[in-house]
Amino acid sequence: MKKNFKVSYVSGVSKVTKNDVSRHEATEPKTCNHLITQSLSYLITSKTAAFSLAEVLITIAIIGIVAAMTIPSLVTKYQERVVVSKLKKAYSVLSQAWQLAVIDYGTPERWDLGGDGNSLCNKDEEGNVNPLCGKGANNAMIILSKYMQIDKMCQANKDKNCAFGHTRLDASISGETTPTNDADDDAYKQDSHTYAYLANGDTIAIYTYSADCSINYGTGKLSQNICFAVYYDINGIQKPNVWGKDYFIFFVGKNGVVPIGIQDTFAGGNSFANRCKNDTEFQDGFGCAGWVIENENLDYLHCDGLSWEEKRSCNHNK
119 MKKNFKVSYV SGVSKVTKND VSRHEATEPK TCNHLITQSL SYLITSKTAA FSLAEVLITI
179 AIIGIVAAMT IPSLVTKYQE RVVVSKLKKA YSVLSQAWQL AVIDYGTPER WDLGGDGNSL
239 CNKDEEGNVN PLCGKGANNA MIILSKYMQI DKMCQANKDK NCAFGHTRLD ASISGETTPT
299 NDADDDAYKQ DSHTYAYLAN GDTIAIYTYS ADCSINYGTG KLSQNICFAV YYDINGIQKP
359 NVWGKDYFIF FVGKNGVVPI GIQDTFAGGN SFANRCKNDT EFQDGFGCAG WVIENENLDY
419 LHCDGLSWEE KRSCNHNK
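As structure tokens, this is what we get:
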């Protein structure tokens with residue numbers, strides 16, 4: 119049942135009639151859109167709802183400070199993730215090439231490696247370099263190149279402009295830099311390395327240790343006889359060209375490819391503890407490849423106390 123409205127006066131204030139209510143509802147519908155529009159209109163036109171210039175500048179300054187503190191860290195983490203990914207791929211490519219080469223040519227002691235690269239390249243009393251200098255490294259590169267996408271190869275002792283070998287400077291992660299070769303024009307003749315550019319822009323160099331792979335390295339489960347080393351630059355001639363950052367080493371032996379510094383191997387001079395850790399006296403980056411591949415980080419650049427047994431990352435809670 120509908121109720122009728124009556125007009126009455128209370129303290130000089132009149133109540134609305136039924137007709138007044140109907141007329142108001144017809145002209146001012148109470149909908150959500152109406153309320154939102156009215157609210158936005160109020161915020162735009164109201165002086166009390168606006169931000170002052172000082173408030174805006176303070177907000178922008180805070181955002182800038184937060185960005186300056188966080189963005190470099192994020193960029194560094196991303197770049198290091200790229201290094202991890204590239205190095206793991208390089209390890210896979212080398213391992214697969216070794217496996218295929220062994221099927222076709224046998225284990226590396228059958229690859230005519232020639233012997234210790236340095237001793238073979240020493241000059242005799244008349245100043246001549248042994249013609250076998252660099253032969254083993256070149257033979258190893260030729261064989262591996264059959265199973266890797268290599269664009270260009272060159273022998274350092276045959277070409278003084280060979281790849282990145284003669285003029286390039288290598289730096290350790292401790293900051294020290296060392297020329298790859300002596301500065302004189304004749305130095306390339308004593309460089310026993312063979313260099314190669316890969317199709318993806320990476321560069322590699324091979325250095326031989328023994329013709330019969332008789333030099334033993336490591337004391338753990340991956341211990342084996344070393345034949346030659348592969349120096350792998352995951353971004354080619356691009357910087358930083360630093361051991362332990364974009365330049366890593368793999369040993370190649372009768373049993374396969376082993377990244378230097380991996381756990382349970384290289385307990386001596388080439389171990390992670392001696393050649394990579396941030397808190398060691400002799401930190402040059404030579405022993406970092408195994409750590410990066412196994413632990414998927416470059417935290418040795420950022421914190422001390424890392425070890426295979428206890429702490430494998432800077433945020434390790436053990």
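Going by the working numbering, the sequence shown opens with residue 119, and the numbers climb by one from there. Every residue, glycine too, gets a C-beta built ideally from N, C-alpha and C. No experiment lies behind these values; they were computed from the predicted model shown.
Asked	Found
Going by DSSP, name the residue or residues bridged to Ala255.	Per DSSP, none; premise fails for Ala255.
Apart from the five residues on each side of it in sequence, which residues of its chain come closer than 6 Å, Cβ to Cβ, to His420?	Cys432
Roughly how many angstroms lie between the CA atoms of Gly283 and Lys204, to the nearest whole one?	No answer about Gly283 holds up, because its pLDDT of 46 lies below 50 and its placement is not dependable.
If you check the beta carbons only, do Asp269 and Leu212 fall under 8 Å apart?	no
Are Leu262 and Ser310 touching if we call contact CB-CB under 8 Å?	no
For Gly403, tell me which candidate among Asp364, Cys345, Asn256, Trp426 has the shortest Cα-Cα distance.	Asp364
Going along the chain, which residues of its own chain have a beta-carbon closer than 7 Å to the beta-carbon of Asn343, five neighbours each way excluded?	Cys331, Ser332, Ile333, Asn334, Gly371, Lys372
Could you give the distance in angstroms between the alpha-carbon of Asp320 and the alpha-carbon of Ala172?	52 Å
Using the Cα positions of Tyr223 and Trp229, report the straight-line distance between them to the nearest angstrom.	7 Å
Distance, Cα to Cα, Ser191 vs Leu231?	45 Å
According to DSSP, is Asp417 part of a helix, a strand, or is it coil?	helix
With burial defined as no fewer than 16 other Cβ atoms inside 10 Å of the residue's Cβ, what is the status of Arg69: buried or exposed?	With the chain covering only 119 through 436, there is no way to say anything about residue 69.
Are Gly354 and Gly379 closer than 8 Å when you measure CB to CB?	no
Do you know how far the Cα of Asp277 is from the Cα of Gln264?	Checking the displayed sequence, the identity of residue 264 turns out to be Lys instead of Gln. Whole-angstrom Cα-Cα distance: 22 Å.
Note the first and the last residue of the continuous beta strand (DSSP E) segment covering Tyr325.	321–326
When DSSP labels each residue in this structure, what does Pro226 get in the three-state scheme?	helix
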